[in-house]
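In this note's numbering, the protein residues as written are 41 to 295. Backbone N, C-alpha and C define an ideal beta-carbon position, used for all residues, glycine too. Please read the structure below before turning to the comments.
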Amino acid sequence: MPSKHSLDIKRVAILFAGGPAPAANAVISTAAFSFLEEGAQVFGIKHGYSRLAEYTAAGPLQEGTDYIRFSHDSLTNARSSRGIMIGTARTNPGKHVNSPAHLKDPELVAPLRRVYEGLCSLEVDALISIGGDDTLKTANKLKMFQDNLPADARRFPIVHLPKTIDNDYSGIDFTFGFFTAVETLAEEIRNLNFDAAAGRSYFLCEAMGRSAGWLAYGAAIAGEASMVLSVEDICGALADEEITNHETGETRKVM
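Below you can see the structure in the form of structure tokens.
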């Protein structure tokens, strides 16, 4: 828990970006509550980076529309509630910044600058970023953007909380959202098991997970699937044949 004896943080902003995930409100409310207990003001930035990326001094952020001010009362029963209490969006202000050199380009960093200026307008001392891979990268780019500011410019630390059903983060046992995704898929697999037995048939299910098999294996084990095949089980090229559609001329590779 943050300590008023060791941290000089008076104002904190919390932002959730990317796809929704179960336990979002538990994470948001717990973070907000911990800082409120230490006497800090806590702002919830609404709908990810969408409004911050458009911020201008002529169009200041509006409380209630662009952000909310958390209180103990507003957090009552929030921990077990569904949805995302501050909303989310997939706006990515750092998508054009792909190398450190890009941080020197005013045009490429313009969205990051607007985000920075918007948060500075709230006089925040820290940002809590919640999201998946893209949101993690945005948090890092926003930090690097601040590193390139003049020495006397305002700076604020950024803490990122990983959110992904893929569970593909090192240094952490499980990401929130993973277990709910596993159980949701497992329930469908268990239903298909009965259908397969009744019809003497087989079903092939596909899971998300990007480049990691956590979700596929978790769902297969919990759902009692007969077999699971994940990216970690594959060595070499998948495709061994190329076929052509004679009507369109298009080609595709098959296993």
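### Message
Assuming Ala166 is part of the alpha helix (DSSP H), what are its boundary residues?
### Response
The residue given as residue 166 occupies position 126 in the sequence shown. Here Ala166 belongs to no alpha helix (DSSP H); instead the beta strand (DSSP E) covers Ala166 to Gly171.
#### Entry: Integer Cβ distance of Leu255 from Asp213, believed to fall under 8 Å
The sequence position of residue 255 within the sequence shown is 215, counting from 1. The sequence position of residue 213 within the sequence shown is 173, counting from 1. Leu255 to Asp213, Cβ: 15 Å. No contact.
### Task
Between the Cα of Asn65 and those of Arg292, Asn188 and Met125, spot the shortest distance and give me the residue it belongs to.
Within the sequence shown, the letter at position 25 stands for residue 65. If we check each option's Cα against that of Asn65, Met125 comes out closest.
### Message
Taking 8 Å as the cut-off, does the stretch 147-167 touch the stretch 184-191 (at least 3 CB pairs, one atom from each stretch)?
### Response
yes
### Message
Once DSSP output is grouped into helix, strand and coil, what is the label at Ile229?
### Response
On the sequence shown, position 189 is the one that residue 229 refers to. Ile229: helix per DSSP, three-state reduction.
### Task
Measure the Cβ-Cβ separation of Pro57 and Thr175 and say whether it is below 7 Å.
The residue you call residue 57 lines up with position 17 of the sequence shown. The residue you call residue 175 lines up with position 135 of the sequence shown. According to the sequence displayed, residue 57 carries Ala and not Pro. Yes.
### Message
Between the alpha carbons of Asn285 and Lys293, how many angstroms are there, rounded?
### Response
Walking along the sequence shown from the start, residue 285 turns up at place 245. Walking along the sequence shown from the start, residue 293 turns up at place 253. Cα-Cα distance, rounded: 11 Å.
### Query
If we call anything under 7 Å between Cβ atoms a contact, is Leu167 one with Phe196?
As a first step, residue 167 is located in the sequence shown; it is residue number 127 there, counting from the start. As a first step, residue 196 is located in the sequence shown; it is residue number 156 there, counting from the start. Taking 7 Å as the Cβ cut-off, Leu167 and Phe196 qualify as a contacting pair.
### Message
Does Lys44 pass the burial test, meaning 16 or more other C-beta atoms within 10 Å, or should it be called exposed?
### Response
Taking the first residue of the sequence shown as position 1, residue 44 is located at position 4. Low per-residue confidence applies at Lys44: pLDDT is 49, beneath 50, and the placement is therefore not dependable, though the value from the model is reported in the following sentence. Its Cβ having fewer than 16 others within 10 Å, Lys44 is exposed.
### Query
Between Ala237 and the ligand SAH, is the CB less than 6 Å from at least one heavy atom?
The ligand SAH is absent from the structure shown, which contains no ligands of any kind.
### Message
Taking only three categories from DSSP, how would you classify Ile54?
### Response
Numbered from its first residue, the sequence shown carries residue 54 at position 14. Correct three-state label for Ile54: strand.
### Test item: CB-CB of Lys203 and Gly253 under 7 Å
Residue mapping note: residue 203 aligns to position 163 of the sequence shown, counting from 1. Residue mapping note: residue 253 aligns to position 213 of the sequence shown, counting from 1. For Lys203 and Gly253, no; Cβs fall outside 7 Å.
### Message
Quick check on Leu225: buried or exposed, where buried means 16 or more other Cβ atoms within 10 Å of its Cβ?
### Response
Numbered from 1 along the sequence shown, position 185 holds the residue referred to as residue 225. So Leu225 ends up on the buried side.
#### Entry: Unbroken alpha helix (DSSP H) run spanning Val271, endpoints
On the sequence shown, residue 271 is found 231 positions in, with the first residue counted as 1. No alpha helix (DSSP H) contains Val271, which DSSP labels as neither H nor E.
#### Entry: Residues that Thr96 bridges to, as DSSP identifies them
Stepping through the sequence shown from its first residue, residue 96 is reached at position 56. Partner(s): Gly99.
### Query
What are the start and end residues of the alpha helix (DSSP H) that includes Leu255?
Your numbering for residue 255 matches position 215 in the sequence shown. Here the alpha helix (DSSP H) through Leu255 covers Trp254 to Ala262.
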